[in-house]
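Numbering (full-length UniProt numbering), first residue to last: 1 to 223.
Idealized CB from N, CA, C, for every residue including glycine.
As the structure is a computational prediction, the values presented were derived from the model and not from experiment.
Quick notes on the structure that follows.
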Amino acid sequence: MVRELPPDARPREKLLSRGPQALADAELLALLLRTGLRGQPVLTFAQGLLERFGGLSGLLQATPAQLAAVKGLGPAKRAELLAVFELARRALSERLRERPVLDSPQAVAELLRLQLADRGHEVFTVLFLDAQHRLIALEELFRGTLQETSVYPREVALRALHHGAASVIFAHNHPSGVAEPSAADAALTRRLQAALALLDVRVLDHFVVTRGGCTSLAARGML
Numbered sequence: 001m002v003r004e005l006p007p008d009a010r011p012r013e014k015l016l017s018r019g020p021q022a023l024a025d026a027e028l029l030a031l032l033l034r035t036g037l038r039g040q041p042v043l044t045f046a047q048g049l050l051e052r053f054g055g056l057s058g059l060l061q062a063t064p065a066q067l068a069a070v071k072g073l074g075p076a077k078r079a080e081l082l083a084v085f086e087l088a089r090r091a092l093s094e095r096l097r098e099r100p101v102l103d104s105p106q107a108v109a110e111l112l113r114l115q116l117a118d119r120g121h122e123v124f125t126v127l128f129l130d131a132q133h134r135l136i137a138l139e140e141l142f143r144g145t146l147q148e149t150s151v152y153p154r155e156v157a158l159r160a161l162h163h164g165a166a167s168v169i170f171a172h173n174h175p176s177g178v179a180e181p182s183a184a185d186a187a188l189t190r191r192l193q194a195a196l197a198l199l200d201v202r203v204l205d206h207f208v209v210t211r212g213g214c215t216s217l218a219a220r221g222m223l
């Protein structure tokens, strides 16, 4: 347990005296977990969780089923972790809504990596923007192996109309870790671009997301 540590090494006291920035990832996680396992201190347990899921980014993407498979994570701890993870995602989304998307490409990349980088399957996401390029909504519209025929322009168009979007940004992940956009990615983007042009909705970009970062099709001249 945390109280078994020396006073100056306890994450809570360290946080209160020096601020949260002074704590390592495992220490912050240990504050949420509170207790470890028999023979395994809470800091060791927290570090093991981070290693199991590939760091904070991977842990943030953990599903309820994945957390349930971890020995020592009961329903109460799982619920608390999932609530904190969701709060982190919502906070980042709110930050994007507070400023023009095009003036903050790093914030967009952070959000996309948080949402998509650690998924084990491909996910196609659309950011719907207003006329000032502020985020209205982020929606995951399609899952599975993405091909030109598996993403439906009609559904994307309907969601754009629903949100009253003036423009959109597409994103999808490559679980393989290969960040290079494929010819199929470019073809899909052009197909969606043509459909949305009929509604006067601009396609600003399409990002390919991996753990290593985000690759912009617009920057590659593929739009």
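Apply the 10 Å Cβ neighbour rule to residue i and answer buried if 16 or more other Cβ atoms are within range, or exposed otherwise.
i, result
"His206", "buried"
"Lys14", "buried"
"Ala184", "exposed"
"Leu112", "buried"
"Pro20", "exposed"
"Val208", "buried"
"Glu51", "exposed"
"Leu114", "buried"
"Val156", "buried"
"Leu33", "buried"
"Arg18", "exposed"
"Glu27", "buried"
"Leu161", "exposed"
Which residues in the same chain have their Cβ closer than 7 Å to the Cβ of residue i, if we skip the five residues on either side of it in sequence?
i, result
"Ile136", "Phe128, Leu129, Asp130, His163, Ala165"
"Pro64", "Arg78, Leu82"
"Glu148", "Reliability of the predicted coordinates at Glu148 is poor, the pLDDT of 43 falling under 50, and no value is obtained from them."
"Leu23", "Pro11, Lys14, Leu15"
"Pro181", "Val208, Thr215, Leu217, Arg220, Met222"
When the Cα of residue i is compared with those of the options, which residue comes out closest?
i, options, result
"Gly72", "Gly36, Pro64, Leu43", "Gly36"
"Thr210", "Gly48, Arg154, Ala195, His172", "His172"
"Arg90", "Glu110, Ala76, Pro75, Gln106", "Glu110"
"Ala195", "Pro153, Met222, Arg220, Pro175", "Pro153"
"Gly144", "Thr44, His174, Leu138, Val126", "His174"
"Val84", "Arg159, Leu158, Leu31, Leu138", "Leu31"
"Leu56", "Asp25, Gln193, Arg159, Leu138", "Asp25"
Helix, strand or coil for residue i, going by three-state DSSP, please let me know.
i, result
"Arg154", "helix"
"Ala194", "helix"
"Leu127", "strand"
"Asp205", "strand"
"His121", "coil"
"Val168", "strand"
"Ala88", "helix"
"Gly36", "coil"
"Glu139", "strand"
"residue 250", "The shown model of the chain, from 1 to 223, leaves out residue 250, and the question about it has no answer."
"Gly213", "strand"
"Glu13", "helix"
In chain order, what residues of the same chain lie with their CB nearer than 8 Å to the CB of residue i, ignoring the 5 residues before and after it?
i, result
"Gly212", "Gly177, Ala179"
"Leu67", "Leu73, Arg78, Leu81, Leu82"
"Ala218", "Leu204, Asp205, His206"
"Thr44", "Gly36"
"Leu87", "none"
Give every residue of the same chain whose Cβ lies closer than 6 Å to the Cβ of residue i, excluding the five residues on either side of it in the sequence, and list them in chain order.
i, result
"Ser142", "The sequence shown places Phe at residue 142, rather than the Ser named in the question. Only Phe124, Val151 meet the Cβ criterion."
"Cys214", "Ala109, Leu112, Phe207"
"Leu54", "A small correction: the amino acid at residue 54 is Gly; Leu does not occupy that position in the sequence shown. Cβ within range, chain order: n/a, list empty."
"Leu29", "Ala46"
"Ile169", "Leu127, Leu204, Asp205"
Decide if the segment 154-170 is in contact with the segment 196-206; the criterion is three or more beta carbon pairs, one per stretch, under 8 Å apart. yes
Cβ contact (3+ pairs, closer than 8 Å) linking the segment 109-121 and the segment 56-64: yes
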